[in-house]
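Chains as they are written, first to last, in my numbering: chain W, 106 to 259; chain E, 8 to 124. Here the structure comes first, spelled out in structure tokens, and everything after it is commentary.
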């Protein structure tokens with residue numbers, strides 16, 4: 106049987122763990138941005154890379170299976186309902202943010218990409234993905250609240 | 008440059024949303040609502056009544072009155088509904104005496120019991 110969560114909502118334990126992890130990762134990305142401002146580029150690279158890769162695991166293990174089972178079969182028919190709309194927006198924008206993070210990791214942190222595929226305006230890309238990441242995080246919080254807190258929307 | 012980046016991001020977001028959706032192939036409701044039987048209402052993250060006592064052969068129908076999906080599942084998956092949207096029903100005929108504890112697989116704090124005598 107699914108284990109009950111520990112945050113006092115109707116969520117299962119894995120959803121509470123994912124929520125706290127995502128908040129921690131969002132904060133870690135901000136810390137990583139500060140490290141870049143301090144010109145601690147090596148630490149910055151390790152911090153941001155760890156977050157992007159850990160988030161990929163969370164997406165593959167927790168979020169994608171949940172979306173595929175609960176939301177995928179019901180859209181686009183049910184997109185007028187906030188339960189489905191929030192999750193879909195979170196998934197769509199979150200996928201873009203994660204892909205953007207992986208692209209930055211490859212382009213700025215490795216030599217795997219051919220030169221013509223590498224970005225030249227690092228700051229613009231990184232700041233754009235950071236902003237999008239936090240929009241996705243807020244959508245994720247809204248999705249969690251809609252799915253698991255009985256009294257917020259009544 | 009900025010316009011190009013946002014254009015690419017918008018196309019990617021649209022593609023992801025389109026790829027994730029697929030038409031429903033099966034209805035969440037199983038069976039036909041019985042002429043007589045017991046109804047359990049699902050509302051406000053609660054099964055009401057939480058415990059029902061029925062005779063062998065009784066059909067129990069769960070009706071979701073909540074504004075988010077719920078399921079009806081037993082630990083051994085002998086009883087397992089699809090995700091029920093608002094106003095959708097799930098029916099099950101209890102043919103064997105016993106105590107059946109079930110829960111919502113989306114919200115595991117939601118629990119109920121059917122006692123079959």
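Backbone N, C-alpha and C define an ideal beta-carbon position, used for all residues, glycine too.
As DSSP reads the structure, residue 203 (chain W) sits in no beta bridge. Sorting W:229, W:120 and W:228 by C-alpha distance to the C-alpha of residue 168 (chain W) places W:120 at the top. The residue among E:53, E:63, E:51 and E:48 with its C-alpha nearest the C-alpha of residue 107 (chain E) is E:63.
Listed as beta-bridge partners of residue 123 (chain E) by DSSP are E:61 and E:105. Residue 101 (chain E) sits away from residue 47 (chain E), with the two beta carbons spaced by 9 angstroms or more. Taking the CA atoms as reference points, residue 254 (chain W) sits about 11 angstroms from residue 246 (chain W). Taking residue 137 (chain W) as the centre and dropping the five residues before and after it, the same chain places the C-beta of 149, 152 and 153 closer than 6 angstroms to its C-beta, in chain order.
Of the residues assessed, residue 83 (chain E) falls on the exposed side of the cut-off, its CB having fewer than 16 other CB atoms within 10 angstroms.
The C-beta distance from residue 221 (chain W) to residue 212 (chain W) rounds to 11 angstroms, too long to fall under 8 angstroms, and the pair is not in contact. For residue 117 (chain W), the secondary structure class from DSSP, reduced to helix, strand or coil, is strand.
Identification of chain E residues near residue 115 (chain W) by a Cβ-Cβ cut-off of 9 angstroms yields 52, 111, 113, 114, 115, 116 and 117, ordered along the chain.
Residue 51 (chain E) has its alpha-carbon roughly 23 angstroms from the corresponding atom of residue 172 (chain W).
For the beta strand (DSSP E) assignment, the uninterrupted runs of no fewer than 3 residues enclosed by the region 60-91 of chain E are, from N- to C-terminal side, 66-71. Counting only residues of its own chain and dropping the five nearest sequence neighbours on each side, residue 59 (chain E) has a CB closer than 6 angstroms to the CB of 45 and 121.
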